[in-house]
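Read in order, the letters of the sequence shown correspond to residues 2 to 449 in my numbering.
Working notes, structure below.
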Amino acid sequence: MPASVVLGAQWGDEGKGKAIDQLAAESSWAVRFQGGNNAGHTIVLGDTTLKLHQIPSGVTSTSCNLVLGDGMVIDPWVLEEELDRWYNLTKERPEGKRLFISERAAVILPFHKLYDSADKVVGTTGRGIGPAYRDRIERVGIRFVDIPFLIEDSDKIEETVDRMNKQLDSVGVLERIEVISFKSQLRWILERYGDSIKHTGSMIDIALKNGENVLLEGAQGAMLDIDQGTYPFVTSSVTSRANATHGAGIHPGHVTNCFGISKAYTTRVGNGPFPTELPYDEGPGQHMAMVGHEFGTTTGRPRRTGWLDMVSLSDSHRVNGYTGIVLTKLDVLGGLEELNICTKYDLEGKLIDYMPTSCEELALCKPVYETHPGFPALSEQEWIEMAEIAREGKEGFNVLPETALSYVRRIEELSGIPIVSIGVGPDRKASIASLGGPFDVDPEVATF
Ligand code: IMP
């Protein structure tokens, strides 16, 4: 199997980490191709929960090489913290051995974070992502490969620092970048990561030519894509399938599977229109937030919650061509009397089945729902047992409560995409795979 892509099919935070963790066990390479530490994934290893932001989720699979790819923006200081946390837990130092940073990836500098702190519109994660991509597009950004040259060029360093300070001034940020500390930061990056900085596109290309499996890990989600999402309330990178290979430095012909990860409902963090949004402090919206622990991994901000939106999911499929959906957090809906699925929008009296491009119009869209009966709330252990019966008895989705199964089948019918796996709890064993599908694997294999 050549390359597979895993993408968030909604507004991010769909639980991609768990799907990646399962697929990584069968892959030799896991590659992040866009974004930076605005992403957050939670990894559960035994009794320990680890929050990672830039290290690919494939890290849990001992045999998997890890790439922070060409299309990423990387904060070297945050990466250091992540690597230390990983070392403290596993005593493994993967950098330079199985973890590589692309020469082409852009560096997130303290300047970018300071500049991002002035954002008042989008509700960014404040990690400097947009400003780092802006520098890249303006062709003044610093890639990892540029650092040794820049260190030797005092004029360019002064010019760069001057530009940064003028920009901070222009958005009312008072802090300033100093030439001396900027230079020593660049030297530190080189000393810390020199052995890990590689031409990673070629490494992945060789692996593919040798018949190895490559997993391309998306961050954020389809609706946060800079070109195809709910602009301007989006992230600053192309989160979609088309960028998966490009941002990894390989060609698109390698991709065979593209899995869209979707919650059984919808969440969104940050600002921007969200047609199926529910009140956060009552009823089903509150149920989803509380039972689903809907707080951002990166910022801890509460996530906004709402019903599953097939209009946005079908737009997301139009762009990404999913070969399968991984439906996550179905268990969270347990205990709700009725479940709604949004099938159309009502835009000032007109029924539409696509997302309007302008956020002003999208904000006016009212969801049109079909209603399905709910299913009972089960304990974490009961869901795990159900998943075990599904696996061992080769029963697939048939183990689900009847109304949960009809909810799932209806999503397949409306989207036209097969559901290949269903998440029914945070534990890696709490997944039910479609029989014989790509996720129908032993959950215990080859991990830390
Ligand atoms: P930025 O990526 O920090 O510039 O933030 C832009 C928008 O994308 C904000 O609404 C963020 O909340 C959202 N965002 C960025 N990364 C993620 C993510 O990993 N999950 C969910 N939302 C995200």
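A virtual CB, placed ideally from N, CA and C, is assigned to each residue, including glycine.
Every value quoted in this text rests on a predicted model; they were computed, and no experiment measured them.
- Unbroken beta strand (DSSP E) stretches of 3 residues or longer found wholly inside the region 221-279: 256-264, 267-269, given in chain order.
- Contact between alanine 107 and glycine 142 holds: their C-beta atoms lie close to 5 Å from each other, under 8 Å.
- Note on methionine 291: under 16 other CB atoms within 10 angstroms of its CB, so exposed under the neighbour-count rule.
- The shortest C-alpha to C-alpha distance from histidine 252 to any of Glu218, Ser203, Gly426, Met224 is the one to Ser203.
- Boundaries of the beta strand (DSSP E) harbouring proline 374: 367-374, taken from the DSSP string.
- At least one heavy atom of the ligand IMP falls within 7 Å of the beta-carbon of isoleucine 130.
- In terms of CA proximity to isoleucine 326, Pro439 leads the group Pro439, Lys210, Ile227.
- Set against 7 Å, the gap from the CB of aspartate 14 to the closest heavy atom of the ligand IMP is smaller.
- By the Cβ test, the region 126-133 is in contact with the region 74-84, since at least three Cβ pairs between them sit closer than 8 Å.
- Boundaries of the beta strand (DSSP E) harbouring histidine 42: 42-46, taken from the DSSP string.
- Relative to the ligand IMP, valine 74 has its C-beta separated by 7 Å or more from all heavy atoms.
- Inter-residue distance for cysteine 366 and aspartate 347 is about 5 Å (C-alpha atoms, whole angstroms).
- A straight line joining the alpha-carbon of threonine 298 with that of valine 7 spans about 19 Å.
- The region 73-139 is shown to contain whole beta strand (DSSP E) runs of 3 or more residues at 100-103, in chain order.
- Looking from the CA of serine 103, the closest CA among Ile205, Leu53, Arg135 belongs to Ile205.
- Sixteen is the threshold: since fewer than 16 other Cβ atoms of the shown chains lie within 10 Å of the Cβ of alanine 364, the residue is exposed.
- Rounded to whole angstroms, the Cβ separation of valine 320 and glutamine 229 is 5 Å, and the two are in contact under 8 Å.
- Rounded to the nearest whole angstrom, the CA to CA distance from leucine 175 to leucine 169 is 7 Å.
- When Cβ pairs closer than 8 Å are counted between the two stretches, the region 278-293 is seen not to touch the region 388-405, the count staying below three.
- Within the DSSP secondary-structure output, aspartate 310 pairs in a beta bridge with Cys343.
- Per the coordinates, the alpha-carbon of glutamate 393 lies some 27 Å from the alpha-carbon of glycine 293.
- Remark: C-beta atoms of valine 172 and alanine 208 do not approach each other more closely than 8 Å.
- As DSSP reads the structure, valine 174 sits in no beta bridge.
- Here isoleucine 181 is exposed, its C-beta having fewer than 16 other C-beta atoms within 10 Å.
- Inter-residue distance for histidine 318 and asparagine 272 is about 23 Å (C-alpha atoms, whole angstroms).
- Between the C-alpha atoms of lysine 19 and glycine 397 there is a straight-line separation of about 18 Å.
- Under the criterion of beta carbons closer than 8 Å, glycine 426 and aspartate 332 qualify as touching, at roughly 5 Å.
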